[in-house]
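Chains A and B supply the protein sequences, listed in that same order.
First residue of the first sequence: 1, per full-length UniProt numbering; consecutive thereafter.
First residue of the second sequence: 1, per full-length UniProt numbering; consecutive thereafter.
By construction, the Cβ of each residue, glycine as well, lies at the ideal position given by its N, Cα and C atoms.
The structure appears below as structure tokens.
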Amino acid sequence: MSKRKKGFRFAIRGRHFTLGFPFLWLTLFFALPFAIVLKISFSTAAIAIPPYEPTFTYGDQLLNIALNLGNYLLLLDDALYYTAYLGSLKMAVVATIGCLLLGYPMAYAIARAPAKMQTVLLLLIMLPSWTSFLIRVYAWMGLLADTGLINNVLMWLGVISEPLKIMNTDIAVYIGLIYAYLPFMVLPLYANLVKMDMSLLEAAADLGSRSINTFWKITLPLSKGGVIAGSMLVFIPSVGEFVIPELLGGPDSLMIGKVLWQEFFNNRDWPVASALAIVMLGLLIIPITLFHHYQSRDLEKEA
Amino acid sequence: MKKLSFSTVMLWLGLIFLYAPMFILIFYSFNASKLVTVWGGFSAKWYMELFKDQQILDAVWTSLEIAFLSASMAVVLGTMAAFVMTRFRRSWAKLSLSNMITAPLVMPEVITGLSLLLLFVHMADMIGWPAERGRLTIWLAHSTFCAAYVAVVVSSRLRELDMSIEEAAMDLGATPFKTFFLITVPMIAPALTAGWLLSFSLSLDDLVIASFASGPGATTLPMVVFSSVRLGVSPKINALATLIIMAVSLMAFLSWYFARRAEKKAKAAME
Chain A
1 MSKRKKGFRF AIRGRHFTLG FPFLWLTLFF ALPFAIVLKI SFSTAAIAIP PYEPTFTYGD
61 QLLNIALNLG NYLLLLDDAL YYTAYLGSLK MAVVATIGCL LLGYPMAYAI ARAPAKMQTV
121 LLLLIMLPSW TSFLIRVYAW MGLLADTGLI NNVLMWLGVI SEPLKIMNTD IAVYIGLIYA
181 YLPFMVLPLY ANLVKMDMSL LEAAADLGSR SINTFWKITL PLSKGGVIAG SMLVFIPSVG
241 EFVIPELLGG PDSLMIGKVL WQEFFNNRDW PVASALAIVM LGLLIIPITL FHHYQSRDLE
301 KEA
Chain B
1 MKKLSFSTVM LWLGLIFLYA PMFILIFYSF NASKLVTVWG GFSAKWYMEL FKDQQILDAV
61 WTSLEIAFLS ASMAVVLGTM AAFVMTRFRR SWAKLSLSNM ITAPLVMPEV ITGLSLLLLF
121 VHMADMIGWP AERGRLTIWL AHSTFCAAYV AVVVSSRLRE LDMSIEEAAM DLGATPFKTF
181 FLITVPMIAP ALTAGWLLSF SLSLDDLVIA SFASGPGATT LPMVVFSSVR LGVSPKINAL
241 ATLIIMAVSL MAFLSWYFAR RAEKKAKAAM E
């Protein structure tokens with residue numbers, strides 16, 4: 001009897017610990033940091049360690065709260081920042097469309113392949129996404145350079161007489177983004193397409209629908225969830241991407257992740273970097289919620 | 001013979017697009033010429049030079065150490081969170097935990113990195129800990145974001161699991177603690193392994209979050225590679241990249257293999 005009771009008490013403590021430990025960890029290392037970013041975004045940069053002035057000061061029984069809106073006004077004022085935001089959004093949209101155009105047929109082909117082939121093909125898609133991101137972006141540096149492999153081959157074939165300027169342009173960034181994020185588009189699309197009820201397509205074919213018509217009227221609408229999940233998985237990280245524009249892009253390919261990095265590491269202006277992060281988060285909150293919505297709906301369906 | 005469909009052609013083109021750059025990189029790492037784009041004969045000399053570079057060797061060791069410790073912590077955190085998500089009753093704490101654990105999956109890395117750095121600076125200011133940014137702070141940062149991936153992998157496995165076995169153990173008088181370690185853990189072991197390996201390779205690979213979270217105290221391998229790559233393509237980095245691709249592919253393959261074996265076992269058990 002007493003042993004059971006002890007076990008019961010332990011169970012209560014165990015339950016609390018199981019919930020409490022990750023809860024506290026994430027509150028401390030995930031939620032709290034965002035509050036701090038918000039706070040710093042309202043402070044003033046200073047030449048000090050750390051390089052900003054405190055937002056809250058207490059002296060003479062007076063709690064002073066100094067909220068500096070200047071960082072946000074600067075973002076509106078300086079063309080550099082909103083060009084960078086627009087540039088990021090443009091790059092991310094183009095990369096998402098590119099991934100969709102290439103990834104949809106790939107996912108479709110995998111979903112229609114024999115079951116044994118499917119697992120192998122999926123592994124082939126997944127493997128690059130687990131291999132070093134930095135290295136995969138680096139691989140394109142050698143290919144796209146003025147004296148790189150692509151230009152050398154094209155010149156040798158006589159297609160072009162002088163090297164194409166691809167490296168350090170927006171095109172290189174697009175190639176890098178599509179290359180890096182393609183697997184994230186294919187996997188959710190595949191998961192959606194493979195579950196599709198084939199009898200619907202057969203019914204359409206029996207009733208005389210042409211395959212292109214069937215695709216537009218049935219396959220594509222039914223795969224909406226997969227298209228949204230895949231697009232968000234490409235779009236969201238692309239907006240904040242730093243490595244790809246830094247390595248493949250030129251001085252004109254402004255993206256917000258790169259500007260934030262420069263503000264932080266090169267200019268040591270932490271308040272402006274924080275304000276940039278807060279605005280970026282504001283822009284991404286809609287796609288993130290959209291993604292969560294479809295994700296949780298999928299999970300509920302399975303359960 | 002079946003007609004080659006448009007989607008099949010696109011699939012093969014897509015796979016070539018994904019793999020060609022890496023194979024070309026591996027091929028050129030054996031180039032004897034210092035000029036990266038001109039083929040000067042087969043040689044493994046860049047690999048020899050790589051093993052003489054003390055800075056790179058130190059960074060490899062630092063990265064491996066951080067990845068090992070981060071993956072282990074991430075498995076503990078992620079499994080606990082997954083257990084809460086699948087086995088606990090609905091409550092505000094559960095809801096906010098499941099929101100917090102999956103959020104890092106879709107958060108841009110620059111934001112996660114910046115927010116963690118500001119936290120560490122604040123903590124050092126207020127309570128004097130962590131006194132110096134380095135391995136410890138990278139470990140904290142990596143454990144947090146890798147836990148998200150572990151939670152996804154483990155919770156999907158826990159959801160499939162037959163609850164009646166756990167219930168039977170508890171009916172027979174086993175404490176929840178004992179049930180978890182004697183019944184649940186062995187059944188989800190492949191998912192734990194897969195989660196650990198995935199976290200290990202994610203941590204090994206991360207540049208952005210580590211750059212923010214680190215101080216002068218620690219330089220990880222991606223940080224060394226990045227600062228060298230910024231200056232352009234070099235044959236030594238090609239050799240290093242080849243080794244990294246090989247190692248990470250092996251890890252990824254192992255993690256996929258364990259996850260698949262678990263799936264097969266589960267299917268066999270159900271039949």
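Chain B beta carbons: is any one of them nearer than 8 Å to that of residue i?
i: A31 of chain A; result: yes
i: Y294 of chain A; result: no
i: W25 of chain A; result: yes
i: T18 of chain A; result: yes
i: residue 304 of chain A; result: Coverage of chain A is limited to positions 1 through 303, which leaves residue 304 of chain A absent and any answer about it impossible.
i: T289 of chain A; result: no
i: G87 of chain A; result: no
i: M1 of chain A; result: Low confidence applies to M1 of chain A: its pLDDT is 43, below 50, so where it sits in the model is not reliable, and the reading given next is rough at best. It does not: the Cβ of M1 of chain A has no partner Cβ on chain B nearer than 8 Å.
i: V94 of chain A; result: no
i: V37 of chain A; result: yes
i: I166 of chain A; result: no
i: T131 of chain A; result: yes
i: S274 of chain A; result: yes
i: residue 332 of chain A; result: Lying before the first or after the last residue shown, residue 332 of chain A is absent from chain A, which here runs from 1 to 303.
i: A277 of chain A; result: yes
i: L69 of chain A; result: no
i: P221 of chain A; result: no
i: M280 of chain A; result: yes
i: P163 of chain A; result: no
i: G14 of chain A; result: yes
Just to confirm the assignment, what range does the beta strand (DSSP E) spanning residue i have?
i: F56 of chain A; result: F56 to G59
i: I65 of chain A; result: L62 to I65
For the ligand NAP, any of its heavy atoms closer than 7 Å to the Cβ of residue i?
i: N238 of chain B; result: By its list of ligands, the structure shown contains no ligand whatsoever, and the ligand NAP lies outside what it can speak to.
Give a yes or no on whether 8 Å exceeds the smallest Cβ distance from residue i to chain A.
i: S227 of chain B; result: no
i: H122 of chain B; result: yes
i: F258 of chain B; result: no
i: I101 of chain B; result: yes
i: L15 of chain B; result: yes
i: F83 of chain B; result: yes
i: A93 of chain B; result: yes
i: T144 of chain B; result: yes
i: F177 of chain B; result: yes
i: E49 of chain B; result: no
i: I127 of chain B; result: no
i: P216 of chain B; result: no
i: P235 of chain B; result: no
Considering Cα atoms alone, identify which of the options is closest to residue i.
i: M126 of chain A; options: B:A268, B:W256, B:A262 and B:K265; result: B:W256
i: L260 of chain A; options: A:G240, A:N152 and A:G226; result: A:G240
i: F133 of chain A; options: B:D53, B:F120, B:L15 and B:V248; result: B:V248
i: R157 of chain B; options: B:W12, B:S91, B:L69 and B:G78; result: B:G78
i: A275 of chain A; options: A:M232, A:N64 and A:A45; result: A:A45
i: I101 of chain B; options: B:S115, B:M85, B:P186 and B:K267; result: B:M85
i: L69 of chain A; options: A:T83, A:K90 and A:F42; result: A:F42
i: L24 of chain A; options: B:V154, B:S96, B:A44 and B:M107; result: B:S96
i: P21 of chain B; options: A:P237, A:G176 and A:P221; result: A:G176
i: S199 of chain B; options: B:A169, B:F212 and B:F145; result: B:F145
i: L74 of chain A; options: A:Y294, A:H293 and A:E263; result: A:E263
i: A79 of chain A; options: A:L201, A:I256 and A:P245; result: A:I256
i: T54 of chain B; options: B:I209, B:A71 and B:V224; result: First, the residue type needs correcting, since residue 54 of chain B is Gln and not Thr in the sequence shown. It is B:V224.
Just grab the DSSP bridge partners of residue i for me.
i: F42 of chain B; result: B:N31
i: Y294 of chain A; result: DSSP output for Y294 of chain A lists no bridge partner at all.
i: Y47 of chain B; result: Paired residue(s): none; Y47 of chain B is not in a bridge.
i: Y82 of chain A; result: None; Y82 of chain A has no bridge partner.
i: Y149 of chain B; result: For Y149 of chain B, which the question treats as bridged, DSSP gives no partner whatsoever.
For residue i, report the span of its alpha helix (DSSP H) as first-last.
i: G232 of chain B; result: G232 of chain B -> no alpha helix (DSSP H), and no H or E assigned at all.
i: I150 of chain A; result: L149 to L157
i: S41 of chain A; result: Element bounds for S41 of chain A: n/a, residue is neither H nor E.
i: Q118 of chain A; result: A115 to W130
i: I160 of chain A; result: Looking at the DSSP string, I160 of chain A is not in any alpha helix (DSSP H), and its letter there is neither H nor E.
i: E263 of chain A; result: First-last for E263 of chain A: undefined, no H or E at that position.
i: Y190 of chain A; result: D170 to L193
i: I135 of chain A; result: F133 to L144
i: T214 of chain A; result: S211 to T214
i: S238 of chain A; result: K224 to V239
i: S96 of chain B; result: W92 to T102
Where the segment 238 to 259 of chain A meets chain B: residues whose CB sits under 7 Å from a CB there: V239, G240, F242, V243, L247 and G257
Contact residues within the segment 17 to 38 of chain B, judged by C-beta distance below 8 Å to chain A: Cβ contacts with chain A: F17, L18, Y19, P21, M22, I24, L25, Y28, V36 and T37.
To be precise: take each residue of the segment 148 to 169 of chain B, compare its Cβ to all Cβ atoms of chain A, and keep it if any distance is under 8 Å. Which residues remain? From the segment 148 to 169 of chain B, only R159 have a Cβ closer than 8 Å to chain A.
Compile a chain-ordered list of the residues in the segment 56 to 71 of chain B whose CB is closer than 8 Å to at least one CB of chain A. Listed by position, the residues of the segment 56 to 71 of chain B near chain A (Cβ gap below 8 Å) amount to none.
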